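A.B. asks: Residue numbers (the numbering used here): -8 to 214.
Where a beta carbon is used, it is the ideal one built from N, C-alpha and C, also for glycine.
Here the structure is a predicted model, which means the values were calculated and not measured.
Following this message is one structure expressed as structure tokens.
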Amino acid sequence: MEVLQYREFIDLVGKYKVFPFSSFIPEYPSLTAAAVNNEWHTDSDTDPWSWRIKIVQDDIAAYGKFFGDKACFIDKKLFPAVQTALTNNKTVEERYFDGLISNSALQLYKVISENKNIDSRELRKLSGLQAKEHKKEYDKALVELQNNADVVITGSAKSSENDAGWNSMCFISSDAWLRTVIGESDNLSVEKAKSELVEQLSINCTEKSMKYFVKKLNLSFTK
């Protein structure tokens, strides 16, 4: 049984541009499917679990829950188009005043922007949502920001060296991340961004998988 290598994973992300962590897009590949023969959670060079962070730290792709509660990777060159399509070129503040984003998400975004790269535990503390009863509100707001491509995951951090539990995810604003990996770029119009997405995604999509992207990214596409 062949084991997927990290270099091959990078090639898959480069080919498909939007590459899911798990198989949630119909008739479309994913990391869990491609690396079914790998040994997960081993901290080895062929452990796909560590790749979800490594590919971001290698400045190759963005990682986050950009589609509902499902995580995926987006090639850095296509990410600006995805971000534009999801936000309609409106800032977080503009979308908040338009009633398109929650107050909790706005507050989280402000903390993330002010602290550049911040882990989830510290983010929850600084946002004032540290109480147990605010956990659901915090989680929902964090996913909301990712669904709008406002923030990306940049890594993971342990609360202490002796912490045996799951690591805490680290976040940065998408704009700050993009400046780091591709530098300053001209703003895409919504129309141009969606045209680029259709052009790139339709290359490898079946009718069913393209239908998924058309719905999620509000694209216009007919075969």
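Taking only the alpha-carbon atoms, compute the straight-line gap between Q(-4) and Y203 and give it to the nearest angstrom.
C.D. replies: Taking the sequence shown and counting its residues from 1, one reaches residue -4 at position 5. Taking the sequence shown and counting its residues from 1, one reaches residue 203 at position 212. When rounded, the distance between both Cα atoms is 28 Å.
A.B. asks: Can the beta-carbon of Y19 be found less than 8 Å from the beta-carbon of S200?
C.D. replies: In the sequence shown, counting from the first residue as 1, residue 19 sits at position 28. In the sequence shown, counting from the first residue as 1, residue 200 sits at position 209. Closer than 8 Å, so yes.
A.B. asks: May I ask which residues mark the beginning and end of the alpha helix (DSSP H) holding L104?
C.D. replies: Locating residue 104 in the sequence shown gives position 113, counting from the first residue. Note on residue identity: the sequence assigns Ser, not Leu, to residue 104. It spans 94 to 106 - the alpha helix (DSSP H) in which S104 sits, taken as one unbroken run.
A.B. asks: So what does DSSP say about A52, is it helix, strand or coil?
C.D. replies: The residue given as residue 52 occupies position 61 in the sequence shown. Looking at A52 - three-state DSSP - the assignment turns out to be strand.
A.B. asks: Could you tell me which uninterrupted alpha helix (DSSP H) segments, each at least 4 residues in length, are contained entirely in the segment 107 to 173, listed from first to last along the chain?
C.D. replies: Restricting attention to alpha helix (DSSP H) runs no shorter than 4 residues, the segment 107 to 173 encloses them at 111 to 117, 126 to 138, 165 to 172, ordered along the chain.
A.B. asks: According to the Cβ coordinates, are I1 and I51 closer than 8 Å?
C.D. replies: Working through the sequence shown from its first residue, we reach residue 1 at position 10. Working through the sequence shown from its first residue, we reach residue 51 at position 60. In contact: I1 and I51 (Cβ atoms closer than 8 Å).
A.B. asks: Nearest-angstrom Cα distance between E(-7) and R43?
C.D. replies: For this step, residue -7 is matched to residue 2 along the sequence shown. For this step, residue 43 is matched to residue 52 along the sequence shown. Cα-Cα distance, rounded: 20 Å.
A.B. asks: Are the CB atoms of T23 and F12 nearer to each other than 8 Å?
C.D. replies: Along the sequence shown, read from residue 1 onward, the residue named residue 23 stands at position 32. Along the sequence shown, read from residue 1 onward, the residue named residue 12 stands at position 21. Less than 8 Å divides the Cβ of T23 from the Cβ of F12.
A.B. asks: Run the proximity test for K202: is its beta-carbon closer than 7 Å to any non-hydrogen atom belonging to the ligand HEM?
C.D. replies: As for the ligand HEM, it is missing from this structure, which has no ligand bound.
A.B. asks: Nearest-angstrom Cα distance between S211 and G59?
C.D. replies: The sequence position of residue 211 within the sequence shown is 220, counting from 1. The sequence position of residue 59 within the sequence shown is 68, counting from 1. Each residue's alpha carbon lies about 20 Å from the other.
A.B. asks: Taking just the CA atoms, how far does N28 sit from D89?
C.D. replies: Position 98 of the sequence shown, counted from the start, is the residue given in the question as residue 89. Position 37 of the sequence shown, counted from the start, is the residue given in the question as residue 28. One C-alpha to the other measures close to 47 Å.
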